[in-house]
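Let me begin by presenting the structure, written as structure tokens, before commenting on it.
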Amino acid sequence: MQKSAFRPDHLEQIKLLAKIPPHKRVRAMLDARELAVGLIRGRLRRKYPNLSINMLNLKVLEELARAS
253 MQKSAFRPDH
263 LEQIKLLAKI
273 PPHKRVRAML
283 DARELAVGLI
293 RGRLRRKYPN
303 LSINMLNLKV
313 LEELARAS
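Every letter in the sequence shown is one number past the one before it in the working numbering, and letter 55, counting from 1, is 307.
Below, the structure is given as structure tokens:
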């Protein structure tokens, strides 16, 4: 018998998300992405304070590519 990878609280979260209209789920996903990218950009800005915004964005993309 295969064990579920989800804990009961994960299943409850999935059920709650399923009740939200699709456009609001997409908005929540985009907001979460914006937060994550902003946090990465802020950390990189502190590490490389002299980089232009374009170079900083390239560093963000490099980091995201490495993570996947």
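Note that the Cβ used here is the ideal one computed from N, Cα and C, for glycine as well.
Alpha helix (DSSP H) containing residue i: first to last residue?
i           : result
residue 306 : 305-319
residue 279 : 274-299
residue 257 : Unbroken run through residue 257: none, as it is neither H nor E.
Contact check, residue i vs residue j under 8 Å by CB: the rounded distance?
i           : j           : result
residue 296 : residue 278 : That belief does not hold up - the Cβ atoms of residue 296 and residue 278 are roughly 27 Å apart, past 8 Å.
Would you mind working out which of the options sits nearest residue i, comparing C-alpha positions?
i           : options          : result
residue 281 : 305, 291 and 269 : 269
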